[in-house]
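These notes are about the structure you will find just below.
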Amino acid sequence: GSNVPMPIYTYDTFQNQVFPQLRAPKYSNLALEDILSRQAENYDASAWTSDPDLTQLRCLATHQFKKTFERGLTDYLSGRWDFAREQLEKADKMMASNDIGGDGPSRAILKYMKEND
Numbered sequence: 004g005s006n007v008p009m010p011i012y013t014y015d016t017f018q019n020q021v022f023p024q025l026r027a028p029k030y031s032n033l034a035l036e037d038i039l040s041r042q043a044e045n046y047d048a049s050a051w052t053s054d055p056d057l058t059q060l061r062c063l064a065t066h067q068f069k070k071t072f073e074r075g076l077t078d079y080l081s082g083r084w085d086f087a088r089e090q091l092e093k094a095d096k097m098m099a100s101n102d103i104g105g106d107g108p109s110r111a112i113l114k115y116m117k118e119n120d
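My numbering applies: residue 4 is where the sequence shown begins, and numbers increase by one.
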């Protein structure tokens, strides 16, 4: 938890796919755990665009999806729920081919709006 309110950004990742097996480099004398630990210690935000596994997890989050979800979220936060509902339903449909058949964050906001409208 935090005493300071902060925004949280989330969207679903495509988990139900095959990833290459992790291995230590061929000529390394380090164990895979040591290599991964070092990578974690040197983490920076550029990993989200340069790490092949992270980009593969986000393969369904296209530019168009992100813009649609962002419009829906902005409308939701601004109290324009009719517009938000339209955009979030569209974003949910864009993610129909993922593991859960839609977009979890869009569905969570849509559910909240339905229960509180």
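All C-beta atoms in this analysis are idealised placements derived from N, C-alpha and C, irrespective of residue type, glycine included. Since the structure is predicted, the reported quantities are computational estimates derived from the model, not experimental observations.
Nearest to residue i (by Cα), restricted to the options the options
{"i": "R41", "options": "S100, D120, Q20, A27", "result": "A27"}
{"i": "M116", "options": "K69, K93, W84", "result": "W84"}
{"i": "F72", "options": "K93, D54, P23", "result": "K93"}
{"i": "D54", "options": "K70, F22, S5", "result": "F22"}
{"i": "G105", "options": "E36, G82, F68", "result": "F68"}
Proximal residues to residue i (C-beta, below 8 Å), its chain only, five neighbours per side dropped
{"i": "I112", "result": "G75, L76, Y79, A87, L91"}
{"i": "S31", "result": "I38"}
{"i": "G82", "result": "none"}
{"i": "L25", "result": "L35, L39"}
Cβ neighbours of residue i in the same chain (closer than 7 Å, five flanking residues each side left out)
{"i": "A34", "result": "A27"}
{"i": "R110", "result": "D95"}
{"i": "L57", "result": "A50, W51"}
Cβ-heavy atom distance, residue i to the ligand GTP, below 6 Å
{"i": "L35", "result": "With respect to the ligand GTP, the structure offers nothing, as it holds no ligand at all."}
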